[in-house]
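For reference, the structure discussed in these notes is given below.
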Amino acid sequence: MRIPWLKWILLGLVTVLFLFFPFLLNEFHKPSIVPGPHVPANFMPPPEHRIPYPWVNIYRPELQNLLLIIFFYLNYLWLIPKFLAKGDAKKYALACGLTVLLFVVLTWAMHNFLDHLNHMHAINLLRRFPGLFVSYFLVTGISIGLGLYEDWRKTQSERETLQKAALESELSFLKSQVSPHFLFNTLNNIYSLSVTKSEHAPDAVLKLSGLMRYMLYDASEKNVPVEKELQYLADYIELQKLRLTEKVKIAYEVKGQPGTSEISPLLLIPFVENAFKHGISYSGESTIHISISCSSSELSLHVLNPVAATAGDQKDKSSGVGLANVKKRLALLYPGKYKLDISNDGRHFSVALHLQLGKS
Numbered sequence: 041m042r043i044p045w046l047k048w049i050l051l052g053l054v055t056v057l058f059l060f061f062p063f064l065l066n067e068f069h070k071p072s073i074v075p076g077p078h079v080p081a082n083f084m085p086p087p088e089h090r091i092p093y094p095w096v097n098i099y100r101p102e103l104q105n106l107l108l109i110i111f112f113y114l115n116y117l118w119l120i121p122k123f124l125a126k127g128d129a130k131k132y133a134l135a136c137g138l139t140v141l142l143f144v145v146l147t148w149a150m151h152n153f154l155d156h157l158n159h160m161h162a163i164n165l166l167r168r169f170p171g172l173f174v175s176y177f178l179v180t181g182i183s184i185g186l187g188l189y190e191d192w193r194k195t196q197s198e199r200e201t202l203q204k205a206a207l208e209s210e211l212s213f214l215k216s217q218v219s220p221h222f223l224f225n226t227l228n229n230i231y232s233l234s235v236t237k238s239e240h241a242p243d244a245v246l247k248l249s250g251l252m253r254y255m256l257y258d259a260s261e262k263n264v265p266v267e268k269e270l271q272y273l274a275d276y277i278e279l280q281k282l283r284l285t286e287k288v289k290i291a292y293e294v295k296g297q298p299g300t301s302e303i304s305p306l307l308l309i310p311f312v313e314n315a316f317k318h319g320i321s322y323s324g325e326s327t328i329h330i331s332i333s334c335s336s337s338e339l340s341l342h343v344l345n346p347v348a349a350t351a352g353d354q355k356d357k358s359s360g361v362g363l364a365n366v367k368k369r370l371a372l373l374y375p376g377k378y379k380l381d382i383s384n385d386g387r388h389f390s391v392a393l394h395l396q397l398g399k400s
């Protein structure tokens, strides 16, 4: 059972104080025995008439405390991890009971030995047994309580480690879904440009290479600077513009300075991608509004696009992948630190995201 170094220090200090407290108490009070069968309680004889307190009785409590301390560590560091922590309560009860009995006998023998040195009559074991049993019973309870607490802390730590590993695995999976989803849509756009032999096709390929570089080298990080994410978003929008006709208007605006704040990569793109995929009408005019305001601690994203007449008839199973993905990522990465409102009145689809940012 591993204990943090700070707890070892605290246990050591408690051990030292517990062991030497009787000696310190004796030094402060300087007890003495006054001769005479009937001495008033408030009577204080002169120093020359006092008899020094026997040294044997000074060290008697310290030796008893030493045995209690040895029993505590034996139970805490060996018996509990070997039996009780493994769920074998019967073997632990037997081993602990025998150990308590052994230490009770040792303590009784120690007292008898000191009584002999002090020329006192030895006290029968049965007379000392209740008090000794209570002392060792209390030490047993304390060591069991501390041992079970440490075992619970260890279990909690292992559980948190497993949950963190599972969370990171799930986030990696969700992030890996973003890349193919975006890539398929962008390749379709470039394919459309190449079919029409558009002069913008080479520029589109160049921009796509920049986006892919970001996705390969930056998106694998836990967080990236907000400026990089916004630049990625701007390049994506420019890439989309290459395939759009004049009937489609894009209103893109960024306000504020993010400073050194960071954000999880590829977190904003699903909202913008959804607007381009479902907000463009090929039979009439349509406008997509994208507004971002940011500071060193917050970021707000607003996306408004019309619901195209053809969008409702589409049966593309991947249409909901992006939004479902980003909702789950927000819940995992920013619990209690974001607000997301998505509405669809049949004519317009709107997204409002407010996010608390971290700093590098």
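The sequence shown begins at 41 in this note's numbering and counts up one residue at a time. Cβ atoms here follow ideal geometry from the backbone N, Cα and C, with glycine treated the same way. All values reported here derive from a predicted model rather than from experimental measurement.
Uninterrupted beta strand (DSSP E) stretches inside the segment 263–314 (no shorter than 3 residues) = 288–295 and 301–303
Taking only beta-carbon positions, decide if Ala315 is within less than 9 Å of chain C.
In the structure shown, chain C cannot be found, because there is only a single protein chain.
Checklist line | Three-way DSSP call (helix, strand, coil) for Ile73 in this model | finding: Translated into positions along the sequence shown, residue 73 becomes position 33. Caution is warranted here: a pLDDT of 48 is assigned to Ile73, below 50, making its placement in the model unreliable, and the coordinate value is therefore given only provisionally. Three-state result, Ile73: strand.
Under 9 Å, do Leu279 and Thr327 count as touching if we go by C-beta distance? Taking the first residue of the sequence shown as position 1, residue 279 is located at position 239. Taking the first residue of the sequence shown as position 1, residue 327 is located at position 287. In this structure, Thr327 does not lie closer than 9 Å to Leu279 by Cβ.
Do you know how far the Cα of Asp191 is from the Cα of Lys295?
Position 255 of the sequence shown, counted from the first residue, corresponds to residue 295. Position 151 of the sequence shown, counted from the first residue, corresponds to residue 191. Using only the alpha carbons, I get a separation of about 52 Å.
Taking all protein chains shown into account, do 16 or more other C-beta atoms lie within 10 angstroms of the C-beta of Trp118, making it buried, or fewer, making it exposed? Indexing the sequence shown from 1 puts residue 118 at position 78. Under this definition Trp118 is an exposed residue.
message = For Met252 and Leu246, I'd like the C-alpha separation in whole angstroms.
response = One-based indexing of the sequence shown puts residue 252 at position 212. One-based indexing of the sequence shown puts residue 246 at position 206. Near 10 Å, if we compare the C-alpha coordinates of Leu246 and Met252.
### Query
What three-state label does DSSP hand Ser234 in the structure shown?
Translated into the one-based positions of the sequence shown, residue 234 becomes position 194. Three-state DSSP puts Ser234 in a helix.
Please list, in chain order, all residues of the same chain as Glu261 whose beta carbon is under 7 Å from its beta carbon, the five residues on each side excluded.
For the purposes of this step, residue 261 is taken as the residue at position 221 of the sequence shown. Correct list, in chain order: Pro305.
Ser340 versus Pro121: straight-line alpha-carbon distance, rounded:
In the sequence shown, residue 340 corresponds to position 300, counting from 1. In the sequence shown, residue 121 corresponds to position 81, counting from 1. Rounded to whole angstroms, Ser340 to Pro121 spans 53 Å at the Cα level.
Exercise for the section: Look up Glu239 in the DSSP assignment and say whether it is helix, strand or coil. Expected result: As a position in the sequence shown, residue 239 is number 199, starting the count at 1. Of the three classes helix, strand and coil, the one that applies to Glu239 here is coil, per DSSP.
(request) Confirm, please, whether the CB-CB distance from Lys379 to Leu363 is below 9 Å. (result) Counting from one through the sequence shown, the residue named residue 363 turns up at place 323. Counting from one through the sequence shown, the residue named residue 379 turns up at place 339. Taking 9 Å as the Cβ cut-off, Leu363 and Lys379 do not qualify as a contacting pair.
> Three-state secondary structure (DSSP) at Ala259?
Replying inline: The residue you call residue 259 lines up with position 219 of the sequence shown. Reduced to three states, the DSSP call for Ala259 is coil.
*asked:* Assess contact between the segment 124–136 and the segment 145–154, defined as three or more Cβ pairs (one per stretch) separated by less than 8 Å. Is contact present?
replied: no
> In whole angstroms, what separates the C-alpha of Asn115 from that of Leu202?
Replying inline: Mapped onto the sequence shown, residue 115 falls at position 75. Mapped onto the sequence shown, residue 202 falls at position 162. Between Asn115 and Leu202, the C-alpha separation is close to 30 Å.
Open item on the list: So if DSSP puts Cys334 in a beta bridge, which residue, or which two residues, is it bridged to?
Closed with: Here residue 334 refers to the residue found at position 294 when the sequence shown is read from its first residue. Cys334 is bridged to Leu339.
- By Cβ distance, which residues of its chain are closer than 7 Å to Leu344, with the 5 residues on each side in sequence left out? As a first step, residue 344 must be located in the sequence shown, where it is residue number 304. Closer than 7 Å at the Cβ level, and outside the excluded window around Leu344, lie His329, His388 and Ser390.
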